[in-house]
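Right, one structure below, let's go through it.
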Amino acid sequence: MDRAAVIGANGFLGSHLVDALAREGFDVTAFDRFSARPSFQAVARTVTGDFLSRSDLEEAVTGQRYVFHFLSTTTPATAAGDPTLDIRTNVAQTVELLESCVNAGVERVFYASTGGAIYGDQGKPEYSEADRALPVSPYGIGKLTIEHYLEYFRLSHGLDYTILRISNPYGTRQHANRKQGIIPIALRRIANGEPVVQLGDGSMVRDYIYVEDLVRMILPLIGRPSRHRLYNMGSGHGSTVSEILSTLREVTGVDFAVEVRPSPPTFVQRVVLDTARYNDEFGPLERPLGLHAGIARTYEEIRSQRV
13 MDRAAVIGAN GFLGSHLVDA LAREGFDVTA FDRFSARPSF QAVARTVTGD FLSRSDLEEA
73 VTGQRYVFHF LSTTTPATAA GDPTLDIRTN VAQTVELLES CVNAGVERVF YASTGGAIYG
133 DQGKPEYSEA DRALPVSPYG IGKLTIEHYL EYFRLSHGLD YTILRISNPY GTRQHANRKQ
193 GIIPIALRRI ANGEPVVQLG DGSMVRDYIY VEDLVRMILP LIGRPSRHRL YNMGSGHGST
253 VSEILSTLRE VTGVDFAVEV RPSPPTFVQR VVLDTARYND EFGPLERPLG LHAGIARTYE
313 EIRSQRV
């Protein structure tokens, strides 16, 4: 049985990944602070630790074949508010994680990068892995820096890796209090009877993918040789903010108020990911969940938490 460690296992993406890996028969080690009870449902070995602690990371990765780095100490907003925090914690500590992986004999690291913030605003209808990475935000710059360090560790130490440039995932277990993602934040405000905040004029376009669909895209990458070390992970379809708000009204049945605010200068107008590289190698994702159904599942969970 292959062993896999998920760093950030109690987070939004990490918890779903733990469940999926366990279903696939992996011996899973779940690493997180676990300040709240585990969000995942699978039986997994838990390592309670601090990402900033080298010894905690070493405990998590020892004996692992695969390590999934799905933890981020910042969000786009917090990284913009304090760029040095992103450098000191995300970037520097990821280097320590990679060193620990080398020392532990880990075969391959899967890194959750960003597709939404790494390409910048180049005015293209969609972005492929061959396009230049031109991030304009500290969050995107930090992610790209880590991507380069992954290549350094491959060349210098033979540590294999796969970079997942993820679009805009949404779904259950996504914490609105992290202030990342229009869908969970808006649904929480709707549930609380508060106005929904819209940044910009509503024409901004993003590529949304339901979290369980994202995890289904990741699974075929494990345990087999792949042609590339970098893959876009998204739906390949764009939705405007106005379209998202319209779907939120349909799902919730609430005619909520909208508070319009200026969009930050580092927000790009349109980001849709070209997933042809992934589709050509692994095949298109079968029966992806539509936006309406995905938002409905997310809203159902938020409402149940208020009971």
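With positions in the sequence shown counted from 1, the corresponding number in my numbering is that position plus 12.
Every residue gets a Cβ at the ideal spot worked out from N, C-alpha and C, and that includes glycine.
Since the model is a prediction, treat every value here as computed from it, not as a measurement.
Counting only runs that start and end within the region 89 to 126, where is the beta strand (DSSP E) found for 3 or more residues in a row?
120 to 126
Can you check DSSP and say which residues form a bridge with residue 210?
Your numbering for residue 210 matches position 198 in the sequence shown. Answer is 272, bridged to residue 210.
Give me the Cβ distance between residue 82 and residue 18, rounded to the nearest whole Å; I'm assuming they're in contact under 8 Å.
Start at 1 with the first residue of the sequence shown, and residue 82 comes out as number 70. Start at 1 with the first residue of the sequence shown, and residue 18 comes out as number 6. Correct: roughly 6 Å between the Cβ atoms.
Given residue 241, which residues of its chain have a CB within under 7 Å of its CB, disregarding the five upstream and five downstream residues?
Numbered from 1 along the sequence shown, position 229 holds the residue referred to as residue 241. Correct list, in chain order: 173, 174, 175.
Using the Cα positions of residue 225 and residue 292, report the straight-line distance between them to the nearest angstrom.
Within the sequence shown, residue 225 is the residue found at index 213, counting from 1. Within the sequence shown, residue 292 is the residue found at index 280, counting from 1. Going from the Cα of residue 225 to the Cα of residue 292 covers about 17 Å.
By the three-class DSSP mapping on this structure, what secondary structure does residue 41 have?
Counting from 1 along the sequence shown, the entry for residue 41 is found at position 29. Strand at residue 41.
Expected contact under 8 Å - CB spacing of residue 252 and residue 275 to nearest Å:
One-based indexing of the sequence shown puts residue 252 at position 240. One-based indexing of the sequence shown puts residue 275 at position 263. Actually they do not touch by this definition, with Cβ atoms about 13 Å apart.
Beta-carbon proximity check, residue 119 vs residue 57, cutoff 7 Å:
On the sequence shown, residue 119 is found 107 positions in, with the first residue counted as 1. On the sequence shown, residue 57 is found 45 positions in, with the first residue counted as 1. Going by C-beta atoms, residue 119 is not nearer than 7 Å to residue 57.
Residue closest to residue 33, alpha-carbon to alpha-carbon, out of 234, 317, 281:
Here residue 33 is taken as the residue at index 21 of the sequence shown, counted from 1. If we check each option's Cα against that of residue 33, 234 comes out closest.
Below 7 Å CB to CB, which residues in the same chain sit around residue 104 once its five sequence neighbours on both sides are set aside?
Residue 104 sits at position 92 when you count from the first residue of the sequence shown. Within the same chain, residue 104 has no close Cβ partners at all.
What does the Cβ neighbour count give for residue 312, buried or exposed, with the cut at 16 atoms within 10 Å?
For the purposes of this step, residue 312 is taken as the residue at position 300 of the sequence shown. The residue is exposed, with fewer than 16 neighbouring Cβ atoms inside 10 Å.
Distance, Cα to Cα, residue 236 vs residue 294?
The count along the sequence shown starts at 1 and reaches residue 236 at position 224. The count along the sequence shown starts at 1 and reaches residue 294 at position 282. Those two C-alpha atoms are separated by around 11 Å.
If you check the beta carbons only, do residue 244 and residue 144 fall under 7 Å apart?
In the sequence shown, the residue the question calls residue 244 occupies position 232. In the sequence shown, the residue the question calls residue 144 occupies position 132. Cβ atoms of residue 244 and residue 144: not closer than 7 Å.
With a cut-off of 8 Å on the beta carbons, I'd call residue 24 and residue 187 a contact; round off their distance for me.
For this step, residue 24 is matched to residue 12 along the sequence shown. For this step, residue 187 is matched to residue 175 along the sequence shown. Right, the Cβ-Cβ distance comes to about 7 Å (below 8 Å), so this counts as a contact.
Three-state class that DSSP yields for residue 244 in the structure shown
On the sequence shown, position 232 is the one that residue 244 refers to. Looking at residue 244 - three-state DSSP - the assignment turns out to be strand.
Cβ shell of residue 90 (< 6 Å), same chain only, five flanking positions each side left out:
Position 78 of the sequence shown, counted from the start, is the residue given in the question as residue 90. Answer for residue 90: no residue qualifies.
Along the chain, which unbroken stretches of the alpha helix (DSSP H) at least 4 residues long are found entirely within the region 53 to 82?
66 to 73
Which value, in whole angstroms, describes the spacing of the CA atoms of residue 7 and residue 107?
What is shown of the chain runs 13 to 319, which leaves residue 7 out entirely.
From 114, 88, 115, pick the residue whose C-alpha is nearest to that of residue 102; which is it?
For the purposes of this step, residue 102 is taken as the residue at position 90 of the sequence shown. Nearest C-alpha to residue 102: 88.
Sequence-distant residues of the same chain with beta carbon closer than 6 Å to residue 302, five excluded per side:
Here residue 302 corresponds to residue number 290 of the sequence shown, with the count starting at 1. Contacts found: none.
Got a sec, what are the start and stop residues for the alpha helix (DSSP H) residue 286 sits in?
Here residue 286 is taken as the residue at index 274 of the sequence shown, counted from 1. Neither: residue 286 is in no alpha helix (DSSP H) and is coded neither H nor E.
Once you ignore the five residues that flank residue 320 on each side, which residues in its own chain have a CB closer than 8 Å to its CB?
Outside the shown range of the chain, which is 13 to 319, sits residue 320, and nothing can be said about it.
On the CB-based measure, 16 or more other CB atoms within 10 Å of its CB, does residue 299 come out buried or exposed?
For the purposes of this step, residue 299 is taken as residue 287 along the sequence shown, with counting starting at 1. When all chains shown are included, residue 299 counts as exposed.
Can you name, in chain order, every residue of its own chain whose Cβ lies under 7 Å from the Cβ of residue 306, other than the five neighbours on each side?
One-based indexing of the sequence shown puts residue 306 at position 294. Counting only Cβ-Cβ distances below 7 Å, and skipping sequence neighbours, we find 182, 183, 222.
Nearest-angstrom Cβ-Cβ length linking residue 209 and residue 202, presumed shorter than 8 Å
On the sequence shown, position 197 is the one that residue 209 refers to. On the sequence shown, position 190 is the one that residue 202 refers to. Not confirmed; about 11 Å, so no contact.
Which residue's Cα is closest to the Cα of residue 271: 289, 310, 309, 206?
Taking the sequence shown and counting its residues from 1, one reaches residue 271 at position 259. Per the Cα distances, 206.
If I measure Cβ to Cβ from residue 31 and keep anything under 6 Å in the same chain, skipping five residues before and after, which residues do I get?
What you label residue 31 is simply residue 19 of the sequence shown in a count that begins at 1. Result list for residue 31: 52, 53, 54, in chain order.
Does the Cβ of residue 13 have 16 or more other Cβ atoms within 10 Å, making it buried, or fewer, making it exposed?
Residue numbering aside, residue 13 sits at position 1 when the sequence shown is read from its first letter. Exposed, by the Cβ-count rule.
Close Cβ partners of residue 238 (< 8 Å) along its chain, the five nearest in sequence each way excluded
If you number the sequence shown from 1, residue 238 lands on position 226. Excluding residues within five positions, the ones whose Cβ falls inside 8 Å are 174, 293.
For the beta strand (DSSP E) that contains residue 16, what are its first and last residues?
Along the sequence shown, one-based indexing puts residue 16 at 4. Unbroken beta strand (DSSP E) run through residue 16: 15 to 19.
Report yes if the CB atom of residue 112 is closer than 7 Å to the CB atom of residue 59, and no otherwise.
Along the sequence shown, one-based indexing puts residue 112 at 100. Along the sequence shown, one-based indexing puts residue 59 at 47. No, these two residues do not count as a Cβ contact at 7 Å.
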